[in-house]
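Top to bottom, those sequences are chains A and B. For the first sequence, position 85 (counting from the first letter as 1) is numbered 149 according to the numbering used here, and the numbering increases by one without interruption. For the second sequence, position 12 (counting from the first letter as 1) is numbered 76 according to the numbering used here, and the numbering increases by one without interruption. Ideal Cβ positions, reconstructed from N, Cα and C, are used throughout, including at glycine. If you're wondering where the values come from, they're calculated on a predicted model, not measured in any experiment. Written out below as structure tokens is the structure these notes cover.
2 protein chains.
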Amino acid sequence: MNDVARAARVSLKTVSRVVNGEENVSPVLVAQVRSAIELLNYSPDVGAGALRRSDRRTEMIALLLEDVGNPFSASLHRAVEDEARARGVQVLTGSLDECPARERELARAFTMRRTDGLIMAPVGPDQGYLATELRVDTPVVFVDRPGAGFPGDTVLATNVLGAGEATRHLLAHGHRRIACLGDYSRISTARLRQEGYLAALREAGIEPDPRLIGSELHTALMAECKVIELFHRPDPPTALFTSQNLVTAGAVRALRRLGLHRTVALVGFDDFPMADLLEPAITVVAQDPVVMGRTAAQALFRRIDGDSTPPAEHWIPTTLIRRGSGEIRPGTHTTGDRLAGSL
Amino acid sequence: MNDVARAARVSLKTVSRVVNGEENVSPVLVAQVRSAIELLNYSPDVGAGALRRSDRRTEMIALLLEDVGNPFSASLHRAVEDEARARGVQVLTGSLDECPARERELARAFTMRRTDGLIMAPVGPDQGYLATELRVDTPVVFVDRPGAGFPGDTVLATNVLGAGEATRHLLAHGHRRIACLGDYSRISTARLRQEGYLAALREAGIEPDPRLIGSELHTALMAECKVIELFHRPDPPTALFTSQNLVTAGAVRALRRLGLHRTVALVGFDDFPMADLLEPAITVVAQDPVVMGRTAAQALFRRIDGDSTPPAEHWIPTTLIRRGSGEIRPGTHTTGDRLAGSL
DNA sequence: GCAGAGAATGACATCGTTGTCCGGACCCCG
DNA sequence: CGGGGTCCGGACAACGATGTCATTCTCTGC
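Below, the structure is given as structure tokens:
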């Protein structure tokens, strides 16, 4: 910037004014400065600017997700990026992999980078550390899972409702023995979805059978094994509610191997690409990661812009998508290819 | 940091030394400083540090991908993150959406943030602008697609080879009329995959039929329509090679609607989750986005560390995964469910 | 006892930028 | 012609940190 000032024969400050589009600079000087900028390929350093500026904005936000490589996190990330782009803000991301230590470590790293705000899908049981770790007035928005020990807006899917709807859907199709398979019970979404399942059963006057409830299934393979085990025992379920993507995949695989995919009903939580192309196509309770990401980003920017109303909770509704697998009735014994055509 | 120095009754410089783990500080002072840091919840500002430091490293790299929300980009992103994390480097990402203007805009934004390097899947026809836009000595690595007009390492899938292998696989199963469906021809990967297809045909002594070649199919719907059109014409293909993910999805959908999914062979370029659960399961030429991301990040960090050997090309091999759809022979008229069990 | 080496510490300038403040030029009006 | 505002432009300090260099202190060896 010094070089530009020299080349344009003006003071440093005038260059700064031109770059920042401030008023009260004569058109002549503006032109001089602009051409000097062009000539020297000057590019302002937003980091240095942030350092000096009174608002201290870095125009960067941090996004901590379970795994930027998985479809849910990736869609959410994209939605956040789109909101951020509209404001000229850049996004720093990090993957947590269900590891609380990583959560803290990344929160720390982003603090040292002075991000203007933080959107996070927490994995640890408590985010109280943010109070000391974070710079004061750095807003935090929790997404997908609620945070604890630190105030912040929260953006959540209607997990209990969605799981209840899935379960009621199966009940309405005549099922009474419905299994519920989910991820680690320390994950709040897994707990809540199981809760929704239990509530729907009780509502229908059915006492839940603990042998039909599987948790701690973190990979498709674990889910697959669990399902196979389930059907090797007496009195197996006639329907499955799988409360997470990989569990759904494992269950589909298991039902195939057992030759039960047209006999046992299945509703999964969270949609996935090609779900409509499987046979039978998979009925799911779809979340909306795009709306979740957008909502979280909008909430964060409102806070960054100074909104200091009490933390709000945003509930993003889920949608039941009927595709076939969830509409199988108990006692069905199709072996042909009829369902495929009935889409 | 000033406050810490005051609290610990030492000079600013001594605090800096402790924070940066420099030697030659007496243990007594180190302890004093550390407790002051603890007491005041001091967190160093890496931005300010980068400004003053002679190497000017911000410990951030930029990653420009097609769309961080799509599975390929997301996996690649994750792999880059893992390499970066090992070095304490953060990753700024941006989605390009096939828009050259966005490519420039984001390259500019990242330059203003002084990222230490840039990994990019270019969409524009020329990256010559980087020469003036970018800070000198900022290394660039091109991934997925080659860059033009600016030197940089390149990490590419073996597109021609992979497409050739897919096509030869279909030829080996007796197909002679094989369609090739792909994305916008301005995308280099689309062109190269078509090239591989053409080469394999010619190698087999077959003159390509232009009516069997579809390009500019950017969405699943466009691909679906194209396939349906293909089969409404006389002399339709007996096999399809779909050179991109969404095109594969569209083709599967179209074949289903036409009732041809067990009759017409299909090989797709790029794997996708659940491909093994479709009926028939989809044979694909799989890319390896994780290896691509890792390779790109490693190459970038080598450059950041000062390697100045001439730009290198890294070829990441593709793998043909036989699952069923690619092994259908011409003239097959299965209507039952046999293939599903034959996995 | 003393030179010289080396360790420990601090003073100060500086990175690229913006906030503050001041001064000069210009205009309008009485 | 002078008073008082508006408009422009620059000098200077400061943001939070580190590089450089000078200073003090403590040994070591003879």
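Burial state of residue i (16 or more Cβ within 10 Å)
i, result
"H296(B)", "exposed"
"N66(A)", "exposed"
"P353(B)", "buried"
"L220(B)", "buried"
"G269(B)", "exposed"
"S139(A)", "buried"
"D299(B)", "exposed"
"E377(B)", "exposed"
"V224(B)", "buried"
"D201(B)", "exposed"
"F345(B)", "Residue identity differs from the one stated: residue 345(B) is Ala in this sequence, not Phe. Buried."
"S372(A)", "exposed"
"A313(A)", "buried"
Proximal chain A residues relative to residue i, where beta-carbon distance stays under 7 Å
i, result
"H141(B)", "V132, G133"
"T16(B)", "Outside the shown range of chain B (65 to 407) lies residue 16(B), about which nothing can therefore be said."
"R255(B)", "Simply none; closest approach about 25 Å."
Interface residues of chain B facing residue i [CB-CB closer than 9 Å]
i, result
"L342(A)", "M338, L341, L342, E343"
"V74(A)", "Residues of chain B passing the Cβ test: none, with the nearest at roughly 21 Å."
"T78(A)", "Here the premise fails: no neighbours, minimum Cβ distance about 20 Å."
"A69(A)", "The contacting residues do not exist; A69(A) stays about 18 Å from chain B at best."
"E162(A)", "The premise fails here: E162(A) is roughly 14 Å from chain B at the closest Cβ pair, so nothing lies under 9 Å."
Own chain residues within Cβ distance below 7 Å of residue i, not counting five before or after
i, result
"P215(B)", "P375"
"G238(A)", "R393, P394"
"G400(B)", "Model confidence at G400(B) stands at a pLDDT of 43, short of 50, so the residue's coordinates are unreliable and nothing is read from them."
Residue of the options minimising C-alpha distance to residue i
i, options, result
"G226(B)", "I251(B), A264(B), A72(B), L156(B)", "A264(B)"
"V291(B)", "R321(B), E267(B), R266(B), D273(B)", "R321(B)"
"P203(B)", "R209(B), A221(B), L220(B), M184(B)", "M184(B)"
"V74(B)", "E86(B), N88(B), L93(B)", "L93(B)"
"A284(B)", "L294(B), L310(B), A268(B)", "L310(B)"
"A287(B)", "A243(B), G111(B), Y261(B), T302(B)", "A243(B)"
"E267(B)", "H233(B), S279(B), G85(B), D299(B)", "H233(B)"
"T382(B)", "G260(B), K77(B), A313(B), P274(B)", "G260(B)"
"R386(A)", "G181(A), D335(A), P274(A)", "D335(A)"
"S107(B)", "V348(B), L294(B), A329(B), V83(B)", "V83(B)"
Residue i in three-state terms, based on DSSP
i, result
"G332(A)", "strand"
"D67(B)", "helix"
"S389(B)", "helix"
"F214(A)", "coil"
"S249(B)", "coil"
"G226(B)", "helix"
"Q191(A)", "coil"
"E147(B)", "helix"
"H378(A)", "strand"
"G158(B)", "strand"
"C163(B)", "coil"
"G260(B)", "helix"
"L129(A)", "strand"
"L198(A)", "coil"
"L294(B)", "helix"
"G113(B)", "helix"
"A243(A)", "strand"
"T78(A)", "helix"
"M124(A)", "strand"
Contacts that residue i makes with chain A (C-beta to C-beta distance below 9 Å)
i, result
"E167(B)", "Near E167(B) there are no residues of chain A at all, since even the closest Cβ is about 13 Å away, more than 9 Å."
"G314(B)", "Within chain A, no residue comes near G314(B); the closest Cβ sits about 11 Å away, beyond 9 Å."
"V110(B)", "A173, M176, R177, R178"
Under 8 Å by beta carbon: chain A residues contacting residue i
i, result
"S25(B)", "In the structure as shown, chain B begins at 65 and stops at 407. Residue 25(B) is therefore absent and cannot be evaluated."
"E288(B)", "Per Cβ cutoff of 8 Å: no residues; E288(B) is ~11 Å from chain A at best."
"E147(B)", "By Cβ distance, chain A contributes nothing, its closest Cβ being about 12 Å from E147(B), past 8 Å."
Close-in-space but distant-in-sequence residues of the same chain around residue i (CB under 8 Å, 5 per side omitted)
i, result
"P189(A)", "P164, A212, R250"
"E130(B)", "F136, S137, S159, L160, D161, E162, A185, V187, D208"
"L342(A)", "V316, S389"
"E147(A)", "G357, R358, A361, Q362, F365"
"T396(B)", "R326, T327"
"Q96(A)", "A72, R73, V74"
"E197(B)", "R168, A171, R172, T175"
Cut-off 6 Å between Cβ atoms - residues of its own chain near residue i, not counting five sequence neighbours on either side
i, result
"L170(B)", "L128, G158"
"D217(A)", "V205, A363, P375, A376"
Interface partners of residue i on chain B, CB under 8 Å
i, result
"Q154(A)", "L156, G158, A173, F174, R177"
"L115(A)", "D109, G111, A112, L115"
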